Every structure is written in structure tokens, then in C-alpha cells.
Amino acid sequence: VDIHRLAWRDGPVRRLGLERLALPAIGRAGEPVAPLAPDVAGRLGLPPGAHLHLGCLDQLAGAVGAGAVHPGDVCQTTGTVLSTVCLADRFDPALAARGVVQGPAIRPGLYYRMAFTLSANLLDAYRREHAGDRTTADLTDAAAAVADDNLPELDAPASEAAGRPVFRGVRPHHAHGHF
């Protein structure tokens with residue numbers, strides 16, 4: 070996919086023998102795709118003429134929903150991954166070597182830049198492995214009671230293949246709330 074022209078690249082499509090297949094159109098998140106059939110709109114409780122709009126990856130949707138819609142706006146979201154998304158007015162090919170994913174954003178001339186780690190599920194993994202019968206709510210309450218200074222630092226690799234996340238700077242006084 071050519072993310073600058075929002076089009077399929079001819080060379081790879083031809084080499085893969087896909088030129089005769091009906092590949093879907095490529096568009097920007099939020100663009101209208103088609104009106105919903107009136108019976109479908111009715112079943113969903115939507116007004117006649119409601120449109121289906123193109124979606125996007127969840128982290129970009131979270132950033133847009135949080136208001137990150139201008140160059141320089143940054144949003145951090147969590148789900149399957151912990152992600153930082155920034156909107157930029159230019160594509161920077163050098164960022165790929167640093168693990169930053171880029172793609173077309175919500176308006177022409179904008180790109181999203183996303184860095185992420187697979188650490189989002191760490192709280193639940195920590196709870197299962199180390200916290201006994203404490204619930205996630207118990208651990209959240211314990212974390213709220215901890216001062217922000219002198220916390221262990223999480224070193225989370227970008228992928229599970231790169232290794233397990235570890236905490237650095239752990240001291241004897243650190244308890245569940247610190248993690």
C-alpha cells in the first residue's frame with residue numbers, strides 16, 4: 070500500500086498476481102464508505118440515510134477520540150498494547166528504524182506516528198504471578214497511595230520475542246503498590 074497516495078502499489082500487486090482481483094479501495098479513517106440499507110439502519114435504530122464510515126486501528130481511534138487531531142498532538146492509550154500516538158504534518162522514513170509505525174491520519178497531509186509496547190497487560194500478569202488473591206482494584210488502590218518519587222522503572226521490550234519486561238531500581242521498601 071502506498072500510504073501517501075492511499076493506493077495499492079502496482080508492482081507488488083502484479084507480482085502477487087492480484088491485478089485481476091477486486092481489491093478494496095483505500096481511504097482515510099472516518100471517510101464515508103456507503104449509506105446503510107434502509108432495513109439495516111432500521112434494525113440498528115439508526116435514521117434513514119445513515120452512512121457506514123471507514124474505521125481504523127484502535128490506537129489511532131483512541132487518539133482521535135481524545136482530541137489528538139492537529140500536528141504535535143500526542144495521546145497515550147492502552148489496550149492490548151500501551152501506545153503513544155502523535156500526529157505529524159510529514160512522514161519521516163528514519164523513524165521506522167526506531168520502531169515507530171507511521172500511516173495516513175484523519176486528514177490529507179497528516180500522518181500518525183505510533184510507538185508501542187506489549188506492556189498493557191502487565192498489571193494483570195503481575196497480579197496473577199505475584200499478588201496472591203489481591204484484585205486489580207486492590208492493586209490500583211495500593212498504587213494510588215504511593216508517592217511518585219523513587220519508583221521502580223519498567224523496562225518493557227517492544228515485543229514478546231525481545232524478552233520479558235523487567236523492573237529496574239527495585240529497593241527493599243518497594244511493595245505491590247509500587248509496581
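For the sequence shown, the numbering used here begins at 70 and goes up steadily by one.
Beta carbons: idealized from backbone N, C-alpha and C, even for Gly.
Note that the structure is predicted; figures quoted are calculated from it, not measured.
PRO104 to TYR195 span [Cα, whole Å]: Position 35 of the sequence shown, counting from 1, holds the residue named residue 104. Position 126 of the sequence shown, counting from 1, holds the residue named residue 195. Put simply, the backbone Cα of PRO104 is about 46 angstroms away from that of TYR195.
>> Once DSSP output is grouped into helix, strand and coil, what is the label at VAL169?
In response: Your numbering for residue 169 matches position 100 in the sequence shown. Three-state result, VAL169: coil.
Please check the pair VAL154 and LEU123, which I expect to be a contact at CB under 8 angstroms, by giving their CB distance rounded to whole angstroms. Mapped onto the sequence shown, residue 154 falls at position 85. Mapped onto the sequence shown, residue 123 falls at position 54. In fact, because the Cβ distance is near 18 angstroms, the residues do not count as touching under 8 angstroms.
request  = Indicate whether PRO221 and GLY238 have their beta-carbon atoms separated by less than 7 angstroms.
outcome  = To locate residue 221, count along the sequence shown from 1; it is residue 152. To locate residue 238, count along the sequence shown from 1; it is residue 169. PRO221 is a Cβ neighbour of GLY238, given a cutoff of 7 angstroms.
Tell me which residues share the same chain as VAL170 and place their Cβ nearer than 7 angstroms to its Cβ, disregarding the 5 neighbours each side in the sequence.
As a first step, residue 170 is located in the sequence shown; it is residue number 101 there, counting from the start. Within the same chain, VAL170 has close Cβ partners MET183.
>> Would VAL133 and ILE72 qualify as a contact pair, given that the criterion is a beta-carbon distance under 7 angstroms?
In response: In the sequence shown, counting from the first residue as 1, residue 133 sits at position 64. In the sequence shown, counting from the first residue as 1, residue 72 sits at position 3. Not closer than 7 angstroms, so no.
By Cβ distance below 8 angstroms, which residues in the same chain neighbour ALA135 in space, the five residues on each side in sequence not counted?
By 1-based counting over the sequence shown, the position of residue 135 is 66. Taking C-beta separations shorter than 8 angstroms and ignoring five residues to either side along the sequence, the partners of ALA135 in its chain run CYS144 and THR146, following chain order.
Inset, instruction - May I have the straight-line CA-CA distance separating ALA165 from PRO81, to the nearest angstrom? - result: Residue mapping note: residue 165 aligns to position 96 of the sequence shown, counting from 1. Residue mapping note: residue 81 aligns to position 12 of the sequence shown, counting from 1. Approximately 20 angstroms between the Cα atoms of the pair.
In chain order, each alpha helix (DSSP H) run of at least 4 residues that lies wholly inside the stretch 130–167: Within the stretch 130–167, there are no complete alpha helix (DSSP H) runs of at least 4 residues.
Please work out which residues of its chain come closer than 8 angstroms, Cβ to Cβ, to VAL102, disregarding the five sequence neighbours upstream and downstream, and give them in chain order. Start at 1 with the first residue of the sequence shown, and residue 102 comes out as number 33. When the five nearest sequence neighbours on each side are left out, the beta carbons in the same chain lying within less than 8 angstroms of the beta carbon of VAL102 are those of GLY96, HIS120, LEU121, HIS122 and LEU123, in order along the chain.
Helix, strand or coil for ALA206 per DSSP?
-> Reading the sequence shown from its first residue, position 137 is the one you call residue 206. The three-state secondary structure of ALA206, taken from DSSP, is helix.
Open item on the list: Output needed for VAL215: all residues of its chain with C-beta closer than 7 angstroms, excluding positions within five of it in sequence on either side, in chain order.
Closed with: One-based indexing of the sequence shown puts residue 215 at position 146. Within the same chain, GLY246 and HIS247 come within 7 angstroms of VAL215 by CB-CB distance, once the 5 residues on both sides are set aside.
Reduced DSSP category for ASP217 - H, G, I as helix; E, B as strand; rest coil: Counted from its first residue, the sequence shown places residue 217 at position 148. In the three-state scheme derived from DSSP, where H, G and I count as helix and E and B as strand, ASP217 is classed as coil.
Next item on the list: Can you tell me which of ASP217, VAL138 and ALA91 puts its alpha carbon nearest to the alpha carbon of GLY99?
Entry: Here the question's residue 99 lines up with position 30 in the sequence shown. Per the Cα distances, VAL138.
TODO: Quick one: using the 10 Å Cβ neighbour count with 16 as the cut-off for buried, is LEU208 buried or exposed?
DONE: For the purposes of this step, residue 208 is taken as residue 139 along the sequence shown, with counting starting at 1. A residue is called buried once 16 or more other Cβ atoms fall within 10 Å of its Cβ, and LEU208 is buried on that count.
| request: Let me know the secondary structure DSSP gives VAL102 once reduced to three states. | output: For the purposes of this step, residue 102 is taken as the residue at position 33 of the sequence shown. Of the three classes helix, strand and coil, the one that applies to VAL102 here is strand, per DSSP.
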